[in-house]
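Shown next, in structure tokens, is the structure this report addresses.
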Amino acid sequence: MNPAQPPSIAVTHALAQFAAELEWDAVPPPVQALMPVLMIDMFRAAAVGRDKPWTSATRQVFGSASGPDCASLLYADERVEAGRAAFINGTAAGGLDWDDSHVAAIIHPGVCIWPAALAAAEIAGASGRELLTAVLAGYEVAIRVGMSIQPEHSLRGFQGTPTCGALGAAVASARLFRLPAERLRDALGIAATFACGLSQFFVSGSDIKRFHAGKAAANGIEAALLARAGLTGPHDAIEGSQGFGRAFSDRFDPSTAVKDLGRHFPTEWISLKPHAGSVRMQAAIEGAAMLARAGARVEQVASMELGVHGAMMSKLAANRPVDYQQAQLSTPFAAAMAVALAPGREGPLTLSVDDFEQYLDDPGIRDLSARTRCVVDTRVEALTTAEAVPARVTITMKDGSRVEQFVEHPKGCPQNPITADEVVQRFAAIAAPRFGAGPVEAWLEQARHPERLASVAPLFSLRG
Numbered sequence: 061m062n063p064a065q066p067p068s069i070a071v072t073h074a075l076a077q078f079a080a081e082l083e084w085d086a087v088p089p090p091v092q093a094l095m096p097v098l099m100i101d102m103f104r105a106a107a108v109g110r111d112k113p114w115t116s117a118t119r120q121v122f123g124s125a126s127g128p129d130c131a132s133l134l135y136a137d138e139r140v141e142a143g144r145a146a147f148i149n150g151t152a153a154g155g156l157d158w159d160d161s162h163v164a165a166i167i168h169p170g171v172c173i174w175p176a177a178l179a180a181a182e183i184a185g186a187s188g189r190e191l192l193t194a195v196l197a198g199y200e201v202a203i204r205v206g207m208s209i210q211p212e213h214s215l216r217g218f219q220g221t222p223t224c225g226a227l228g229a230a231v232a233s234a235r236l237f238r239l240p241a242e243r244l245r246d247a248l249g250i251a252a253t254f255a256c257g258l259s260q261f262f263v264s265g266s267d268i269k270r271f272h273a274g275k276a277a278a279n280g281i282e283a284a285l286l287a288r289a290g291l292t293g294p295h296d297a298i299e300g301s302q303g304f305g306r307a308f309s310d311r312f313d314p315s316t317a318v319k320d321l322g323r324h325f326p327t328e329w330i331s332l333k334p335h336a337g338s339v340r341m342q343a344a345i346e347g348a349a350m351l352a353r354a355g356a357r358v359e360q361v362a363s364m365e366l367g368v369h370g371a372m373m374s375k376l377a378a379n380r381p382v383d384y385q386q387a388q389l390s391t392p393f394a395a396a397m398a399v400a401l402a403p404g405r406e407g408p409l410t411l412s413v414d415d416f417e418q419y420l421d422d423p424g425i426r427d428l429s430a431r432t433r434c435v436v437d438t439r440v441e442a443l444t445t446a447e448a449v450p451a452r453v454t455i456t457m458k459d460g461s462r463v464e465q466f467v468e469h470p471k472g473c474p475q476n477p478i479t480a481d482e483v484v485q486r487f488a489a490i491a492a493p494r495f496g497a498g499p500v501e502a503w504l505e506q507a508r509h510p511e512r513l514a515s516v517a518p519l520f521s522l523r524g
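Just add 60 to the spot in the sequence shown (first one is 1) and you have this note's numbering.
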């Protein structure tokens, strides 16, 4: 398309109008039921991440300011300026790579949107019902814009979580501030300019990805606060000739962003992760664990081949990770961990963020990872959908025999979900040792049905 050609679809206006007018009672019951599950899962991640070094760093830098628009830090008796609260809480939840994911949009929306929305809801005195409605609007905007620019957005070196996530966080926050559609559109325009986030960490490692969700959350709520104060943004910030879509992607499709808007909710396609790594790695981890439990012991393995989607080759195929973060983004390393750890653990295998830290320098796992390679698998590519990414795992034993496992729908994808009860159970397993079983159960009574809450204050009740 000629860059000067005027766009034919007013995407920014349509998304802002949708977000301003969305009514909870009009949301399909399955989507209504999903939203508290996604919230609890975000709180689970934040409970693990609150004491990690990257969260401590954000609190050291951003945790001391105060002002008229202050919000609470999760699990702490502290309040700071709203953007800083969103940054710290988003970093706590998003820094683990153990967050919700949308395969088609290539984004982790929850860890951007919930932290911003919780801060905005606290400032605005919003109800739980208002919170859920606003967050759903934010998910829809972030996901729809993501689908309209992917996969080229990712292939160009951007990460969708801090770019599209900022849009979702802005929409949710602006809705909670009860801004009209035209002001909500301004918030989108401001957030589109704020949006940022590169993917060099896939290649070089570093800590920076751990801050991406926090930065998106902060950018989003700050965009909404500026719109509330009267600052304007371009009315065509997403679809304009030099707007978000065309700046961030070579193949922006505005129709994808608005198709069946308000009638179909792609939020339904969200995946939750059993393992603290990329959503595209989950099937390979699961397949490797299945083969290990069937008898493929790590000391007997000569080599391992992982059949994956071609889109994974440039970012998730490194087999000698240089640091803790890159290990969580290495399909070979994660699969090697699964082979080594699955036989000795009871129940479904979970690779936690602490596992990746603990075993980063394990000689046996690093050796097997170095003997593991990713290859493009045509069957995997044919079966990959907007909801799930399969994988094939083939292990060659030292005696020359081979075993193979194909996983089409890994645990956590919409076709094989982590259920609401399982989300509650794994939150309790993490939170109870930190905060006590009684307080956690009392919190869950509120969190299971946030639509009944007159305010969001009970969601901040866990301290410790």
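Glycine is no exception: its CB is placed at the ideal position from the N, C-alpha and C atoms. Predicted model, so just to flag it, every value in this text is computed and none were measured.
Open item on the list: For residue 395 and residue 110, I'd like the C-alpha separation in whole angstroms.
Closed with: 27 Å
- [ ] Put residue 221 into one of helix, strand or coil per three-state DSSP.
- [x] helix
- [ ] Would you tell me roughly how many angstroms separate the C-alpha atoms of residue 146 and residue 224, rounded to the nearest one?
- [x] 16 Å
TODO: Starting from the N-terminal side, write out each stretch of the alpha helix (DSSP H) that is 4 residues or longer and does not extend beyond the segment 428-509.
DONE: 438-443, 480-495 and 497-507
Open item on the list: Check whether the segment 430-449 and the segment 302-313 are in contact - that is, three or more C-beta pairs closer than 8 Å.
Closed with: no
Open item on the list: Check this for me: beta carbons of residue 347 and residue 389, under 8 Å apart or not?
Closed with: no
Task: CB-CB length for residue 119 against residue 148, believed under 8 Å - done: 6 Å
- [ ] Please classify residue 342: is it buried, with 16 or more other beta-carbons within 10 angstroms of its beta-carbon, or exposed?
- [x] buried
Task: Beta-carbon contacts of residue 486 that lie in its chain and below 7 Å, excluding the five residues immediately before and after - done: 104
Task: Any 3 or more C-beta pairs closer than 8 Å across the segment 353-370 and the segment 455-472 - done: yes
Open item on the list: When you compare the CB positions of residue 164 and residue 281, do they come within less than 8 Å of one another, or not?
Closed with: no
Open item on the list: Here's a check: name, in chain order, each residue in its chain whose Cβ is nearer than 8 Å to the Cβ of residue 64, leaving out the five neighbours to either side.
Closed with: Reliability of the predicted coordinates at residue 64 is poor, the pLDDT of 46 falling under 50, and the value obtained from them is presented with this limitation in mind. The residues are 301.
Open item on the list: Bridge partners for residue 99 per DSSP, in chain order?
Closed with: According to DSSP, which records beta bridges pairwise, residue 99 is partnered with nothing at all.
Task: Pairwise C-alpha distance: residue 438 and residue 285 - done: 48 Å
Task: residue 404 to residue 411 span [Cα, whole Å] - done: 13 Å
Open item on the list: Would residue 200 and residue 327 qualify as a contact pair, given that the criterion is a beta-carbon distance under 8 Å?
Closed with: yes
- [ ] Determine the burial state of residue 129: buried for a count of at least 16 other Cβ atoms within 10 Å of its Cβ, exposed for fewer.
- [x] buried
Task: Residues near residue 77 by beta carbon distance below 7 Å, same chain, minus five either side - done: 241
TODO: Kindly provide the ranges of any alpha helix (DSSP H) runs that are 4 or more residues long and lie completely inside the segment 129-178, ordered along the chain.
DONE: 142-154
Task: Cβ-Cβ distance between residue 114 and residue 413 below 8 Å - done: no
Open item on the list: For residue 275 and residue 251, what's the separation of their Cα atoms in angstroms?
Closed with: 11 Å
- [ ] Compute the distance between the beta-carbons of residue 495 and residue 524, then report whether it is under 8 Å.
- [x] yes
Open item on the list: Please list the terminal residues of the continuous alpha helix (DSSP H) segment that includes residue 511.
Closed with: It is not in any alpha helix (DSSP H) - residue 511 carries neither H nor E in the DSSP assignment.
TODO: Can you tell me which of 143, 94, 235 and 93 puts its alpha carbon nearest to the alpha carbon of residue 80?
DONE: 235
Open item on the list: Given a cut-off of 8 Å on the beta-carbon distance, is the pair residue 180 and residue 237 in contact?
Closed with: yes
Open item on the list: My output table needs one value for residue 116: the three-state DSSP class, helix, strand or coil.
Closed with: helix
TODO: Can you check DSSP and say which residues form a bridge with residue 365?
DONE: 433 and 454
Open item on the list: So for residue 73, helix, strand or coil by DSSP?
Closed with: helix
Task: Residue burial classification, residue 380 (beta-carbon count within 10 angstroms, cutoff 16) - done: exposed
Open item on the list: Rounded to whole angstroms, what is the Cα-Cα separation between residue 82 and residue 409?
Closed with: 39 Å
Open item on the list: On the DSSP letters alone, give me the boundaries of the alpha helix (DSSP H) that residue 416 sits inside.
Closed with: 413-419
TODO: Have a look at 183, 94 and 162 and flag the residue whose alpha-carbon is nearest the alpha-carbon of residue 140.
DONE: 183
TODO: Note down, in chain order, each residue of its chain lying with its Cβ closer than 8 Å to the Cβ of residue 483, except the 5 sequence neighbours on either side.
DONE: 97, 100, 101, 104 and 332
- [ ] Please work out which residues of its chain come closer than 8 Å, Cβ to Cβ, to residue 160, disregarding the five sequence neighbours upstream and downstream, and give them in chain order.
- [x] 98, 101, 102, 168, 169, 170, 171, 330, 331, 332 and 333
Open item on the list: Rounding to the nearest angstrom, what Cα-Cα distance links residue 517 and residue 270 in this structure?
Closed with: 27 Å
Task: For residue 308 and residue 257, believed in contact at Cβ under 8 Å, the rounded distance - done: 10 Å between Cβ atoms; not a contact.
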